[in-house]
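Take the sequence shown: its position 30, counting from 1, is numbered 30 in my numbering, and each next residue is one higher.
Just so you know, even glycine gets a beta-carbon here, dropped at the ideal spot from N, CA and C.
Because the structure is a prediction, the values reported are computed rather than measured.
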Amino acid sequence: MDKSIVYLVLGPVICICVLDFIMLEAAGNANYKPLKIIDHRQLLSCKIHQRSNLILMPLILSSFIVGMLS
């Protein structure tokens, strides 16, 4: 594979992953004003999905890179 093409393909993907990490962390640390009516089950589900995204995103990126380079 030509090296310049690899950089052109990997560059945007890695940038998007880094920006996604930044947004996920910023959303988890934000101090929103509390709502009067809240569904605690839905809030718990949202927190779990946010944390699992932080685990899954590097795995997806690494599988993409390994699959592309193999």
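Terminal residues of the alpha helix (DSSP H) in which residue i lies
i, result
"residue 70", "Looking at the DSSP string, residue 70 is not in any alpha helix (DSSP H), and its letter there is neither H nor E."
For residue i, the three-state DSSP class (helix, strand or coil)
i, result
"residue 47", "helix"
"residue 20", "helix"
"residue 32", "coil"
"residue 38", "coil"
Nearest-angstrom Cα separation, counted from residue j out to residue i
i, j, result
"residue 23", "residue 70", "31 angstroms"
"residue 43", "residue 4", "44 angstroms"
"residue 62", "residue 7", "15 angstroms"
"residue 55", "residue 36", "32 angstroms"
"residue 26", "residue 12", "21 angstroms"
"residue 72", "residue 67", "Because the chain spans 1 through 70 in this model, residue 72 falls outside it and cannot be assessed."
"residue 16", "residue 38", "32 angstroms"
"residue 64", "residue 33", "38 angstroms"
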